[in-house]
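Number of protein chains: 2
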Amino acid sequence: MTRTSPDIRVAVSTVIFTLRPAAGGAALSLPLVRRTRDPFEGRWALPGGWLDPDEGLDAAAARTLAETTGLAPNYLEQLYAFGDVDRSPSRVVSIIYWALLRHDLVDQQRAAHAAAGTAPENVQWFDADSLPELAFDHNAIVDYALWRLRNKVGYSRIAHGLLPDEFTLADLREVYESILSRKLDPANFRRQVEATGTLIPTDRFRTGSHRPARLYRYDGAVELAARGPISTPDSTNRNEER
Amino acid sequence: MTRTSPDIRVAVSTVIFTLRPAAGGAALSLPLVRRTRDPFEGRWALPGGWLDPDEGLDAAAARTLAETTGLAPNYLEQLYAFGDVDRSPSRVVSIIYWALLRHDLVDQQRAAHAAAGTAPENVQWFDADSLPELAFDHNAIVDYALWRLRNKVGYSRIAHGLLPDEFTLADLREVYESILSRKLDPANFRRQVEATGTLIPTDRFRTGSHRPARLYRYDGAVELAARGPISTPDSTNRNEER
Numbered sequence: 012m013t014r015t016s017p018d019i020r021v022a023v024s025t026v027i028f029t030l031r032p033a034a035g036g037a038a039l040s041l042p043l044v045r046r047t048r049d050p051f052e053g054r055w056a057l058p059g060g061w062l063d064p065d066e067g068l069d070a071a072a073a074r075t076l077a078e079t080t081g082l083a084p085n086y087l088e089q090l091y092a093f094g095d096v097d098r099s100p101s102r103v104v105s106i107i108y109w110a111l112l113r114h115d116l117v118d119q120q121r122a123a124h125a126a127a128g129t130a131p132e133n134v135q136w137f138d139a140d141s142l143p144e145l146a147f148d149h150n151a152i153v154d155y156a157l158w159r160l161r162n163k164v165g166y167s168r169i170a171h172g173l174l175p176d177e178f179t180l181a182d183l184r185e186v187y188e189s190i191l192s193r194k195l196d197p198a199n200f201r202r203q204v205e206a207t208g209t210l211i212p213t214d215r216f217r218t219g220s221h222r223p224a225r226l227y228r229y230d231g232a233v234e235l236a237a238r239g240p241i242s243t244p245d246s247t248n249r250n251e252e253r
Numbered sequence: 012m013t014r015t016s017p018d019i020r021v022a023v024s025t026v027i028f029t030l031r032p033a034a035g036g037a038a039l040s041l042p043l044v045r046r047t048r049d050p051f052e053g054r055w056a057l058p059g060g061w062l063d064p065d066e067g068l069d070a071a072a073a074r075t076l077a078e079t080t081g082l083a084p085n086y087l088e089q090l091y092a093f094g095d096v097d098r099s100p101s102r103v104v105s106i107i108y109w110a111l112l113r114h115d116l117v118d119q120q121r122a123a124h125a126a127a128g129t130a131p132e133n134v135q136w137f138d139a140d141s142l143p144e145l146a147f148d149h150n151a152i153v154d155y156a157l158w159r160l161r162n163k164v165g166y167s168r169i170a171h172g173l174l175p176d177e178f179t180l181a182d183l184r185e186v187y188e189s190i191l192s193r194k195l196d197p198a199n200f201r202r203q204v205e206a207t208g209t210l211i212p213t214d215r216f217r218t219g220s221h222r223p224a225r226l227y228r229y230d231g232a233v234e235l236a237a238r239g240p241i242s243t244p245d246s247t248n249r250n251e252e253r
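If you're matching them up, the sequences are chains A and B in order.
Numbering of the first sequence is given in my numbering, commencing with residue 12 and proceeding in unit increments.
Numbering of the second sequence is given in my numbering, commencing with residue 12 and proceeding in unit increments.
Written as C-alpha cells, this is what we have:
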C-alpha cells in the first residue's frame, strides 16, 4: 500500500537535569528548546528529534540532545514511551529519556561551545518547578521524569549523577534536599548515607568560611542505578566507567 | 516524499506472567504464540501486534494480548521500548508491556473461551525458566520483564497481582519464592510482611490437611505498584479498582 507519509512516527526526546547553584540551596534545572515552527510554534519543548531508521534509541537520545543543546550527559536512561493518540496533531510515539549532568560539566560544555562558536540557538535553562506551558504533553513528561528521579534517589546512588567526583556530605545532602524539595536533618542524613556503604572518605577536605569538611567519593564498584539485563553500550555514563 | 512502507514501524507486545501451581512450589509461566510466517516462522514469540494509528499504547497492549491469547490481565504496565536497529529484518520499535494474571482467572478465561469456541490457536504456556529460543529479541525481553518483576516484588505489593483476593501467608510466601527462585524462612517472612502494614487479616481460615491457616487480604488503599503521575485509564488493574 502506498502511503505519502508514515501513519505513526517515532520521536526521541530527553529531560536532562542539572543542579543549578542558588542562594539557599541548589535548584533542579533543565534546558528547553523554543520551537520555530508549528505545531506549538514559539513554545518551549524538550530537546529531541525524529528517530533515524539506522540508529538505536539510546544513540538517538544522545544525538538529538547534543544537536539541539550541545550537551553530553553523564547519565542517560530510558524513561517511558508516551503514545496517547492526541498528544500531537499527527500520530507520534515519543520515546523519552531522562539524563543527569553535573553542573561543573554544564559550565565546561557551554564554555567549549562558546569558544568554538557552536553555542546552540533557541535554548534556555528553566527551573523544574517553574516551567511555562510547554509544547505537546511535555509538562506531563517532565513531571514523570521528576517523579522517577525522586523515587530513584531513595534507593540508588543516582545523586552521584549530579555531583563532582569528590563532594562533602553537605553537598550530597543538598542534592537530596533539592530533589525531594524538603530539608533533611544533617545528623540523620549522615547516619543513613554512611549506612549504605557506598561512600568512601578521602584524605582531602574542603576549606573555606566554615570548618573544613571532609571530601567523599562514591565507591566505583557500586552501580549508579541498577539497570538489569539491559546493556546499552551507547549510553553515556561516565561515572560508571570508573 | 512517497514511501511504499514506513521506515520505522511500531509494535506492541506483552510479557504476561501467571503462577502455575506445581509440585514443590508454583512456577512462573507465560503464554507464547507460534509465528506462522517469516521472519522466524515456526518460532515462539511474545503475544503482540502492530500499533494502530487510532489507538493508545496501553489499549494496543491489551488488545493484541486479547486477540492472540484471549487473556485479560489483572495488572498491566509499560516495561520498556526495545529499538535496536537489527532486532528485526525491517526496522521495528517494540513498546513492551508486562502483565500479571491470577491463575484462577487464567483457568476462568480459558474455560470461557473453550465454551464459546473461541480458544486461541498457536498459543502455548511455557515456564519462564525453560523457554526455547524465541523470535527476534524476545528472550532478552522476557529476561528484562523477569528482572523488573523480581525487583518490584521487593518494594511493592505487586505479588497481589498473582494471588486471589484472599490468601494465606504461605500462599504469599510461595509467590515470593517462585519469583525470587529461592526459599524464604517462614518466620522472617511473616515478620517482614506484617511490618509492611499492607495485609489485613480476615476472619476466615483455609482448612485442609494442615492446621487451619488464616486468610488475609491486601489493604485496598495501598497501590498495587506506584505509578507516579502516569494515569492510564485503559489499563486493566482490577485489583486497584477495589
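All C-beta atoms, glycine included, are put in the ideal place defined by N, C-alpha and C.
- Every unbroken stretch of the alpha helix (DSSP H) spanning 4 or more residues and falling wholly within the stretch 174 to 198 of chain A is given here in chain order: 180 to 191.
- With the criterion set as a beta carbon lying under 7 Å from some beta carbon of chain A, the members of the stretch 94 to 107 of chain B are Gly94, Asp95, Val96, Arg102, Val104 and Ile106, in sequence order.
- For Ala224/B, the uninterrupted beta strand (DSSP E) run begins and ends at Ala224 to Tyr229, by DSSP.
- DSSP places Asp95/B outside both helix and strand once states are collapsed to three, so it counts as coil.
- Within its own chain, the residues whose Cβ lies closer than 8 Å to the Cβ of Asp95/B, once the five positions on either side in sequence are excluded, are Asp148, listed in chain order.
- The beta carbon of Arg225/B sits closer than 6 Å to those of Pro212 and Phe216, all from its chain and outside the five residues before and after it, given in chain order.
- Within the stretch 95 to 162 of chain B, the runs of alpha helix (DSSP H) at least 4 residues long that lie entirely inside it are, in chain order, 114 to 127.
- Gln203/A is classed as exposed because its beta carbon has fewer than 16 other beta carbons within 10 Å across all chains shown.
- Within chain A, the residues whose beta carbon sits less than 8 Å from that of Ile19/B are Pro17, Arg20, Val21, Leu62 and Pro64, listed in sequence order.
- Between the stretch 94 to 114 of chain A and the stretch 180 to 187 of chain A there are fewer than three inter-stretch CB-CB distances shorter than 8 Å, so the stretches are not counted as touching.
- A direct Cα-Cα distance of roughly 24 Å separates Gln135/B from Phe93/B.
- The Cβ atoms of Gly59/B and His124/B lie no closer than 8 Å to each other.
- Going by beta carbons, Glu88/A and Trp109/A fall inside the 8 Å limit.
- Put simply, the CB of Tyr91/B is near chain A, with a gap under 8 Å to one of its CB atoms.
- At the C-beta level, Ala22/A and Val103/A come within 8 Å of one another.
- Per the Cβ contact rule, the stretch 38 to 49 of chain B is not in contact with the stretch 38 to 51 of chain A (fewer than 3 Cβ pairs under 8 Å).
- For Ile27/B, the secondary structure class from DSSP, reduced to helix, strand or coil, is strand.
- Comparing alpha-carbon positions, the option among Ala198/A, Leu173/A, Phe178/A and Gly208/A lying closest to Ala38/A turns out to be Leu173/A.
- Taking CB atoms only, Leu112/B has no neighbour in chain A less than 8 Å away.
- Counting along the chain, Thr213/A sits inside the beta strand (DSSP E) bounded by residues Leu210 to Arg217.
- The continuous beta strand (DSSP E) containing Arg45/B extends over residues Ala38 to Arg45.
- Closer than 8 Å to the CB of Leu43/B there is not a single CB belonging to chain A.
- For Val21/B, the beta-bridge partners assigned by DSSP are Val104/B.
- Going by DSSP, Gly60/B is part of the beta strand (DSSP E) stretching over Gly59 to Trp61.
- By a beta-carbon distance limit of 8 Å, Pro175/B contacts Asp115/B. Their separation comes to about 6 Å.
- At the C-beta level, Asn85/A and Leu111/A come within 8 Å of one another.
- Just measuring C-alpha positions, the residue of Gln119/B, Ser192/B and Ile107/B sitting nearest Val153/B is Ile107/B.
- Contact between Gly35/B and Ser189/B fails: their C-beta atoms lie close to 11 Å from each other, not under 8 Å.
- Residue range Leu68 to Thr80 is occupied by the alpha helix (DSSP H) that includes Thr75/B.
- Taking 8 Å as the upper bound for CB-CB distance, Leu62/A and Ile19/B are in contact here, some 6 Å apart.
- For Leu195/B and Val26/A, the gap between their C-alpha atoms comes out near 40 Å.
- The Cβ atoms of Leu57/A and Ser101/A do not sit closer than 8 Å to each other.
- Residue pairing by DSSP places Leu87/A opposite Ala110/A in a beta bridge.
- Secondary structure of Ala33/A (DSSP, three-state): coil.
- Within the model, the alpha-carbon separation for Phe178/B versus Ser220/B is close to 16 Å.
- Residues of chain A with a Cβ closer than 9 Å to the Cβ of Leu68/B are, in chain order, Ala92, Phe93, Gly94, Asp95 and Val104.
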